[in-house]
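Student: Sharing a structure with you now.
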């Protein structure tokens, strides 16, 4: 399946609209079965099952809204990117991090995508973890 810029932007829009709605099923539908998830300053996970578990853990520990979203795609539609702000609330203490007491945070962030067969094959998310720790400490 060939992809173009407009189709990739539509796919990324669908993915982030599903994120905003906490619609994990639609998010997973946007992904290849062998999705490569590069977690900010963390491990690389593979597959939809691992991605689904990550999303459940995120929804349990954090309440996040993404704002100022800007999406990008190359002309061939094989790569995409997103730039946004994360407005969040820290709900459940993550191991090795400050205790969660409902602290709010506001972080610039970005994500990079590989697209294959009309689906997201890789997502790499980046933000400044030291800034996050400082905000919730």
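Residue numbers (our numbering): 145 to 281.
For each residue, glycine too, the CB sits at the ideal point set by N, CA and C.
(1) Please name the residue in 181, 177, 248 whose C-alpha comes closest to that of residue 231.
(2) By how many angstroms is the C-alpha of residue 242 removed from the C-alpha of residue 254?
(3) Can you tell me the Cα-Cα spacing of residue 219 and residue 212, whole angstroms?
(4) Can you give, in chain order, each stretch of the beta strand (DSSP E) that sits fully within the region 146-201 and has at least 3 residues?
(5) Here's the rule: buried if 16 or more other CB atoms are within 10 angstroms of the residue's CB, otherwise exposed. What is residue 201?
(6) Thinking residue 160 and residue 226 are a contact (beta carbons under 8 Å), I'd like their distance in whole angstroms, please.
(7) When the Cα atoms are used, what is the spatial distance from residue 252 to residue 233?
(8) Measuring CA to CA, which of 238, 171, 167 is closest to residue 155?
(9) Just how far apart, CA to CA, sit residue 164 and residue 208?
(10) Between residue 260 and residue 152, is the Cβ-Cβ spacing less than 7 Å?
(11) Could you check what DSSP says for residue 204 in three-state terms: helix, strand or coil?
(12) Answer yes or no: do residue 221 and residue 148 have a C-beta to C-beta separation smaller than 7 Å?
(13) Going by DSSP, what residue range makes up the alpha helix (DSSP H) through residue 274?
Tutor: Straight from the coordinates:
(1) The shortest Cα separation from residue 231 among 181, 177, 248 belongs to 248.
(2) So the two alpha carbons sit approximately 23 Å from each other.
(3) Cα-Cα distance, rounded: 23 Å.
(4) The DSSP assignment places 175-182, 188-190 as complete runs of the beta strand (DSSP E) inside the region 146-201, in order along the chain (cut-off: 3 residues).
(5) Burial is judged here by how many other beta carbons sit within 10 angstroms of a residue's own beta carbon; residue 201 has fewer than 16 and is exposed.
(6) Right, their Cβ atoms sit about 7 Å apart.
(7) The C-alpha of residue 252 lies about 15 Å from the C-alpha of residue 233.
(8) Looking at 238, 171, 167, the one whose alpha-carbon comes closest to that of residue 155 is 171.
(9) Using only the alpha carbons, I get a separation of about 8 Å.
(10) Result no, Cβ atoms of residue 260 and residue 152 do not sit closer than 7 Å.
(11) Assigned with DSSP and collapsed to three states, residue 204 falls in helix.
(12) Result yes, Cβ atoms of residue 221 and residue 148 sit closer than 7 Å.
(13) Here the alpha helix (DSSP H) through residue 274 covers 273-280.
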